[in-house]
Each structure stands twice: as structure tokens, then as C-alpha cells.
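J.: The structure follows.
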Amino acid sequence: MSVTVRIPSPLRPITGGLGELKVEGATVGEILRKLDAQYAGFAERVFDDKGVKRFINVYLNEDNIRDKKNLETEVKAGDTISILPSIAGGLTADYVSV
Amino acid sequence: MIKIPSSVLRQVYDHMEASYPHECCGLLIGTAAGGQRVVHTFRKCRNLNTDRAHDRYDMDPKCWLDTEREFESGPWSIIGIYHSHPDHPSRASQTDTDAALGAGMLDYSYVIGSVQKGTVAGAQSWVLNEAERRFYEEPLVVDEGDQK
Chain H
1 MSVTVRIPSP
11 LRPITGGLGE
21 LKVEGATVGE
31 ILRKLDAQYA
41 GFAERVFDDK
51 GVKRFINVYL
61 NEDNIRDKKN
71 LETEVKAGDT
81 ISILPSIAGG
91 LTADYVSV
Chain U
1 MIKIPSSVLR
11 QVYDHMEASY
21 PHECCGLLIG
31 TAAGGQRVVH
41 TFRKCRNLNT
51 DRAHDRYDMD
61 PKCWLDTERE
71 FESGPWSIIG
81 IYHSHPDHPS
91 RASQTDTDAA
101 LGAGMLDYSY
111 VIGSVQKGTV
121 AGAQSWVLNE
131 AERRFYEEPL
141 VVDEGDQK
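Taken in sequence, the protein lines are chains H and U.
So that you can map any letter, position 84 of the first sequence is 84 in the working numbering, and since no number is skipped, the others follow by simple counting.
So that you can map any letter, position 83 of the second sequence is 83 in the working numbering, and since no number is skipped, the others follow by simple counting.
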């Protein structure tokens, strides 16, 4: 089944500037692995050895897949997967910018 | 370089001061070309970090999603992030750097406001250098001519 994958602007250099892709698959993980096969460097930006990187969020429609079955979350035709940067930060004693 | 209309910057400061003593965060919307970013408007986002809101922020991911959808027809897009440092300098911290590197936030402005005892004392803007794994300051130009 075909779903839409929305690519955030920080990742678009990897997809040749494309912000939206149609991909076939049964689970979120299968679809994202297909994208890595098609676009070199995709997995490096999205995954680490534990799954989706801490500073990346993946939504299926309106839900964070971390609140569902992570990469094993099933999709259905017409769904939208959104890859989103996790924006975070805060104070520490050491300031490294110049 | 990032240029921000004074009226927009004042509203961002209002958000930072209203959130004190907690950190706040939001998105800067505008145009970017050749390393120059021009802000036209902004969107406030929720800080989901409730345990350490005084020194941490975790932007609600839905805010990015909703804002991208809102502006997907162009010509504006997300060009930066702002957040506050309550009672601390407006310099990017190691925590800010680690998070930005993890999310791959290259070519975005990070505007940080220093809020001292509830009042914004100043702001600086930073851009991530991935190779050196650190932020460098960029000029923040306030467009005083804007009266929107």
C-alpha cells in the first residue's frame, strides 16, 4: 500500500530537495528502509543502533510512533508519515559557542 | 545574518518574559537565501519538558509539523528557532549544540534570548557548524522600519 512520507527541510538535501514522497510498505520501518535504499545517507540521519535517533521524531498521521509500535507500526493506504527534527536544548554551565 | 522586524522581536521577547522562569521556544518563519535569513513572522511552541523547564526545552514536535503544513504553499518557511535562557547568557550551550547536531539542524538560525529576572536583557543568533560541532554567532539585525 502506498503512503506519503513528508521530509523535513533539514533532510531534503538527501532527497534531492523533495519534501514529499510516495512509498509502498506495510510498516513504518519497512517504508523508511526503502527510502534509505533509494537515498544514500538517509538512514545515517534518521537511525542509530537503537532505532529512530533521539533527536528525530516520526509521526504516523497525528501520532508519534514512539507512542505506538515504533518502527513496527502498521500503515494503511493513504496514511502520512512525517519525519520531524526534535528541537531541544537548554542551559549548561559550559558555553561552547563563540 | 538574520534580520528580524522589531515588532516580531518584541513579541518573541514577550513570549520569553511571560514564560520566565521557564525556558520557552518557538519557530521563526521567513525567507532564506545565501546564508541570509529574513524573518517575517513566528510561531510559539510548547515546551514539553515539565521536569526541568527552568533549564531545558523540548519543543512539541507537533508545532514543527503544524507550522510546516501552514506554510507549505510558500513563499515563507521555517528558517530558525528561538528559545530563552532564564538568568543565563544568550550564548549557545553544549546542550543546545548536542541537540542541534542530533537533529541535523544546519542552515537554521538559533536565536537565544537572555532573560534576567523576568526581563529580556538581549538576544544573539547562532548557526551550527557541523564539521566543528559548535555554534558560531551570526549578526542579528533588527529591522526598525517594520511597523507590522
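Backbone N, C-alpha and C define an ideal beta-carbon position, used for all residues, glycine too.
Since the model is a prediction, treat every value here as computed from it, not as a measurement.
1. Just the C-alpha distance for LYS62 of chain U and ASN57 of chain H, rounded to the nearest angstrom, thanks.
2. What does GLY16 of chain H touch in chain U if you count any residue whose Cβ is under 7 Å from its own?
3. Would you say TYR39 of chain H lies against chain U (beta-carbon separation less than 8 Å)?
4. With a 10 Å radius around its C-beta and 16 neighbouring C-beta atoms as the bar for buried, classify MET1 of chain H as buried or exposed.
5. How should ARG12 of chain H be labelled, buried or exposed, when 16 other C-beta atoms within 10 angstroms of its C-beta is the threshold for buried?
6. I'd like to know whether the C-beta atoms of GLU17 of chain U and VAL111 of chain U end up nearer to each other than 8 Å.
7. Please confirm whether PRO151 of chain U has its beta-carbon closer than 8 Å to some beta-carbon of chain H.
8. Buried or exposed for ASP49 of chain H, going by 16 or more other Cβ atoms inside 10 Å?
9. Name the residues in the stretch 103-115 of chain U whose C-beta lies less than 9 Å from a C-beta of chain H; which are they?
10. Starting from the beta carbon of LYS53 of chain H, find every residue of chain U whose beta carbon is closer than 7 Å, and list them in chain order.
11. How would you write the range of the beta strand (DSSP E) that ASP143 of chain U sits in, first residue to last?
12. In the DSSP assignment, the beta strand (DSSP E) including THR41 of chain U goes from what residue to what residue?
13. Please confirm whether TRP64 of chain U has its beta-carbon closer than 8 Å to some beta-carbon of chain H.
14. Going along chain U, which residues have a C-beta under 8 Å from LEU11 of chain H?
T.: On the basis of the data shown:
1. Within the second sequence, numbered from 1, the residue matching residue 62 of chain U stands at position 62. Within the first sequence, numbered from 1, the residue matching residue 57 of chain H stands at position 57. Roughly 10 Å separates the two Cα atoms.
2. One-based indexing of the first sequence puts residue 16 of chain H at position 16. Within 7 Å Cβ-Cβ: nothing; GLY16 of chain H doesn't reach chain U, min ~16 Å.
3. Numbered from its first residue, the first sequence carries residue 39 of chain H at position 39. Interface residue (Cβ-Cβ distance to chain U less than 8 Å): TYR39 of chain H is not classified as such.
4. Indexing the first sequence from 1 puts residue 1 of chain H at position 1. With fewer than 16 other CB atoms across the displayed protein chains lying within 10 angstroms of its CB, MET1 of chain H is exposed.
5. The residue labelled residue 12 of chain H in the question sits at position 12 within the first sequence. By the 10 Å Cβ count, ARG12 of chain H comes out exposed.
6. The residue labelled residue 17 of chain U in the question sits at position 17 within the second sequence. The residue labelled residue 111 of chain U in the question sits at position 111 within the second sequence. Result no, Cβ atoms of GLU17 of chain U and VAL111 of chain U do not sit closer than 8 Å.
7. The structure shown has nothing for residue 151 of chain U, since chain U only spans 1 to 148.
8. Here residue 49 of chain H is taken as the residue at index 49 of the first sequence, counted from 1. That one is exposed.
9. Residues passing the 9 Å Cβ filter: ALA103, GLY104, MET105, LEU106, ASP107, TYR108, TYR110 and ILE112.
10. As a first step, residue 53 of chain H is located in the first sequence; it is residue number 53 there, counting from the start. What LYS53 of chain H touches in chain U: GLY102.
11. Reading the second sequence from its first residue, position 143 is the one you call residue 143 of chain U. Per DSSP, ASP143 of chain U belongs to the beta strand (DSSP E) from 140-143.
12. By 1-based counting over the second sequence, the position of residue 41 of chain U is 41. THR41 of chain U -> beta strand (DSSP E) spans 36-45.
13. The count along the second sequence starts at 1 and reaches residue 64 of chain U at position 64. Yes, TRP64 of chain U counts as interfacial toward chain H.
14. One-based indexing of the first sequence puts residue 11 of chain H at position 11. Going along chain U in sequence order, the residues near LEU11 of chain H (Cβ under 8 Å) are GLY104.
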